[in-house]
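Data block below; observations after.
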Amino acid sequence: MMEQDDGLTALDNIVTQFNTYEDFLDSQITTVDLYYLEDETLARQLVELGYRGTGEIVKREDFEARKAAIEIARLAERTQKKTLASAGKELHDNFLKALAMREEDNRNGKVSTVIFIRDKNSHGQEVSGYIDYAHRLKSEDFEAYFNGKKRLLPRTTDMSFYNWDSHIAVCNSSPNYQVIADNPEGLLFKFKRDRKILNVDPKVQPGDNSTRISIQTELYTHAVLFDHISRRKT
Numbered sequence: 007m008m009e010q011d012d013g014l015t016a017l018d019n020i021v022t023q024f025n026t027y028e029d030f031l032d033s034q035i036t037t038v039d040l041y042y043l044e045d046e047t048l049a050r051q052l053v054e055l056g057y058r059g060t061g062e063i064v065k066r067e068d069f070e071a072r073k074a075a076i077e078i079a080r081l082a083e084r085t086q087k088k089t090l091a092s093a094g095k096e097l098h099d100n101f102l103k104a105l106a107m108r109e110e111d112n113r114n115g116k117v118s119t120v121i122f123i124r125d126k127n128s129h130g131q132e133v134s135g136y137i138d139y140a141h142r143l144k145s146e147d148f149e150a151y152f153n154g155k156k157r158l159l160p161r162t163t164d165m166s167f168y169n170w171d172s173h174i175a176v177c178n179s180s181p182n183y184q185v186i187a188d189n190p191e192g193l194l195f196k197f198k199r200d201r202k203i204l205n206v207d208p209k210v211q212p213g214d215n216s217t218r219i220s221i222q223t224e225l226y227t228h229a230v231l232f233d234h235i236s237r238r239k240t
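Going by the numbering used here, the sequence shown opens with residue 7, and the numbers climb by one from there.
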């Protein structure tokens, strides 16, 4: 195993040092080789076959495969950093801190968080509703929320929306939840992946694999987070 790791490290060093396989071959060719062979292409072929050269023998397919793997890993790391809207932000309010803690798990599907918010909109009207956090993360840029430039409020396109002044009430199923609005005991959400019911009534338990956390925040009148961990049947 050690020999394999050492070989991989040596290959990584070569791949990092040279942009192309031809650049690597050229580094192995001496001025004497070129003097006698009088053909750069032939000199490269001899190095590639292992007949000439001053160092490590590396096959073209190994070089290019490793180069591609390193590039994929680099892009994946950059994308991951880029997709976390909360990364590097100085967060002071408990609500934003709680969202930041859950951002990565909601993006990768480990957790599905439903956000309840009650507060006044820009017209001074009191509104409340339930937001599918994972869906909102995919459909809009959350950096403005974590930067404090925008306030997260329920919309008529969210899972539920209620305007306490105009009495407008709207329910919509989301990519993750089916809304059950005709339940006599109150609003229910069914998680589509494992079909478990999330009950948002504060007087009862939220349901299997779900937790309810009330957030003390200065940004909103009332904020609650419901976390559901999916237990998919295999």
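Just so it is clear, CB atoms sit at the ideal spot from N, CA and C, and this is done for glycine as well.
In this structure, the CA atom of Leu194 is about 22 Å from the CA atom of Thr227. When the five nearest sequence neighbours on each side are left out, the beta carbons in the same chain lying within less than 6 Å of the beta carbon of Arg124 are those of Ser134, Thr227 and His228, in order along the chain.
In this model, Ile221 and Glu77 are separated by some 41 Å (Cα to Cα). In this chain, Ser236 is not harboured by any alpha helix (DSSP H), its DSSP state being neither H nor E.
Every alpha helix (DSSP H) of 4 residues or more that sits fully in the region 90-161 is shown, in chain order, as 100-114, 139-145 and 149-152. Here the region 181-191 makes contact with the region 135-146; the two share three or more CB pairs at distances below 8 Å. Taking Asn205 as reference, the option from Glu110, Val230 and Asn114 with the minimal CA-CA separation is Val230.
DSSP, read as helix, strand or coil, puts Leu194 in strand.
Your pair Leu105 and Ser92 checks out as a contact, with CB atoms roughly 7 Å apart and the cut at 8 Å.
For Thr227, the secondary structure class from DSSP, reduced to helix, strand or coil, is coil. For Ala187, there is no enclosing beta strand (DSSP E), as DSSP marks it with neither H nor E.
For Ser128, the number of other beta carbons within 10 angstroms of its own is below 16, and it is reported as exposed. Asp214 places its beta carbon less than 8 Å from that of Lys202.
Three or more Cβ pairs drawn from the region 14-25 and the region 69-76 lie within less than 8 Å of each other, which places the two stretches in contact. With contacts defined as CB atoms closer than 8 Å, Ser166 and Asp200 fail to qualify as a contacting pair.
Within 10 angstroms of the beta-carbon of Asn112 lie 16 or more other beta-carbons, which makes it buried. Pairing Glu132 with Trp170 gives a Cβ-Cβ distance under 8 Å. Annotated three-state conformation of Ile203 is strand, per DSSP. Here Val120 has Tyr136 and Phe232 as same chain residues with Cβ atoms under 6 Å from its own Cβ, once five neighbours each way along the sequence are excluded. Of the residues assessed, His98 falls on the exposed side of the cut-off, its CB having fewer than 16 other CB atoms within 10 angstroms.
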